[in-house]
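In the numbering used here, the protein residues as written are 735 to 1126. Worksheet: one structure, shown below.
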Amino acid sequence: MSTAAVPSFDPCDPVAVAQALIRCPSVTPEDGGALGVLEAALAPLGFVCHRLRFEEEGTAPVDNLYARLGTEGPNFCFAGHTDVVPPGELKGWSIDPFAAEIHNGRLYGRGAVDMKGAIAAFVAAAARHVKAGGAPKGSISLLITGDEEGVAINGTRKVLDWLQAKGETLDACVVGEPTNPKALGDMIKIGRRGSMTAFLTVHGAQGHVAYPHLADNPLPRLARMLAAITAEPLDAGTPHFQPSNLELTTIDVGNPAHNVIPAQGKATLNIRFNDLHTADTLLAWLRERLDGVGGSYDLDHFVSGDSFLTPPGPLTGLVADAAERVTGRRPEYSTTGGTSDARFIKNFCPVVEFGLVGQTMHKVDEHTALDDLTRLTDIYGEVLRNVFDRIG
Ligand SMILES: [Zn+2]
């Protein structure tokens, strides 16, 4: 594979690992050598590494990595992605996004917080754990994808299928997404809202505006349908979730003429939904209101992920205790924010998310405090010390 040019670094040093990762320009779906960096760090520790390349017609091939230390259960997994979003306008950056420079106690670069920094913290925690105490009581594994920021077709989902086909089980998982809004120790994500996008097309019959009886204008129906589905909130929230939310994202007719009744009108909407709903119940909810207006319409949709919740229990407590011991702060349990690959992992084992501070993710001059990298390594180390006694 592409391990030829991996620079040497100390796997126990999270800053060195993060720098090596950031210097790989792994904008989705490119690997840029990032997984080679991880293999170079993990294999000497005894991890058995599997490079998994998946491709599907119409999508770019993606490299992924599954690495496991130990053969016994329970198998504790750390999951994440080495791919990053593009740097965007380079002139907006004050520092080369792939140089991994350190200034004023901060490490700069695309992926510093989302989420090469967290992966580096996990590698360093695992390396220190192995060097201090030898093999773990169970197994430690890493599931790293190169396709999280993209379409997420050839990434975590396919790795999980591959694991299942091999009879390989995961018993608990921490995803290293940047979950803390302001300071390390703020927040653990214990679930996520679901996301569904729906495309509504309302049909009529084109005609001259002066002869409306010879046409059928779909736009008044479209307007009434949109009013019907936005008239009242979907729900009032649940104990661990904020209220579900429906947003109209565009309304399109594309009619350049002032004297033509258009044949159709379209609208697109996105629903972020809590654990009271599934995509099927939401579609039924939408159709009930659309049918109430009547007329001919089409409703297409795609689901980015269903909502899920890992109820407070051993895994959430393990991570919260570790974060509190290191930072002095008790993290809040939250289900806010966008989707992540935890939406796939939740079908296999309990999963929570905890990583760096997210303030600069996907922005220019993305950076993490070196102190946060060090403390996140300590938190993951604390998790590794306790996980095999608390998860079984
Ligand atoms: Zn991310």
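Positions of the beta carbon are idealized from the N, C-alpha and C atoms, including for glycine.
- Item | Alpha-carbon to alpha-carbon, residue 1027 and residue 958 | So the two alpha carbons sit approximately 7 Å from each other.
- Message: Is the separation between the beta-carbon of residue 882 and that of residue 815 shorter than 8 Å?
- Response: yes
- Message: Any heavy atom of ligand 1 closer than 7 Å to the beta-carbon of residue 1101?
- Response: No.
- Query: How would you write the range of the alpha helix (DSSP H) that residue 1078 sits in, first residue to last?
  - Reply: 1076-1079
- Task: Check residue 956 in the structure and name its three-state DSSP category.
- Result: helix
- Enclosing beta strand (DSSP E) for residue 1087 [first to last residue]: 1085-1087
- Less than 8 Å separating the beta-carbons of residue 782 and residue 794? no
- Item | Of the residues 993, 827, 1001 and 1111, the one placed nearest residue 986, counting alpha carbons only | 1001
- Query: Could you name the residues, in chain order, whose CB is less than 6 Å away from a heavy atom belonging to ligand 1?
  - Reply: 815, 848, 849, 882 and 911
- Task: Within the same chain, show all residues whose beta-carbon is closer than 7 Å to that of residue 1103, passing over the 5 residues directly before and after it, in chain order.
- Result: Hits under 7 Å: 839 and 840.
- So is residue 948 buried or exposed if we call it buried at 16+ other beta carbons inside 10 Å? exposed
- Can you check DSSP and say which residues form a bridge with residue 975? Paired residue(s): 972.
- Inspect the CB distances between the segment 1002-1011 and the segment 1053-1061 and report whether three or more fall short of 8 Å. no
- Item | Bounding residues of the alpha helix (DSSP H) (the contiguous stretch that carries residue 1115) | 1104-1124
- Extent of the continuous alpha helix (DSSP H) to which residue 856 belongs: 851-867
- Would you list, in sequence order, the uninterrupted beta strand (DSSP E) runs of no fewer than 3 residues that lie entirely inside the segment 1043-1080? Here the runs fully enclosed are 1066-1068.
- Message: Can you tell me whether residue 813 sits near ligand 2, meaning its C-beta is under 7 Å from at least one heavy atom of the ligand?
- Response: As for ligand 2, it is missing from this structure, which binds only ligand 1.
- Message: Could you compute how far the alpha carbon of residue 750 sits from the alpha carbon of residue 837?
- Response: 15 Å
- Message: Comparing C-alpha positions only, which one of 1023, 1013, 1086 and 1111 sits nearest to residue 907?
- Response: Nearest of 1023, 1013, 1086 and 1111 to residue 907, Cα basis: 1086.
- Between residue 994 and residue 1015, what straight-line distance do the alpha-carbon atoms span, to the nearest angstrom? 37 Å
- What first and last residue would you give for the alpha helix (DSSP H) that runs through residue 878? Element bounds for residue 878: not the alpha helix (DSSP H) but the beta strand (DSSP E), 873-879.
- 7 Å CB neighbourhood of residue 1078 in its chain, flanking five on each side removed: 890, 891 and 894
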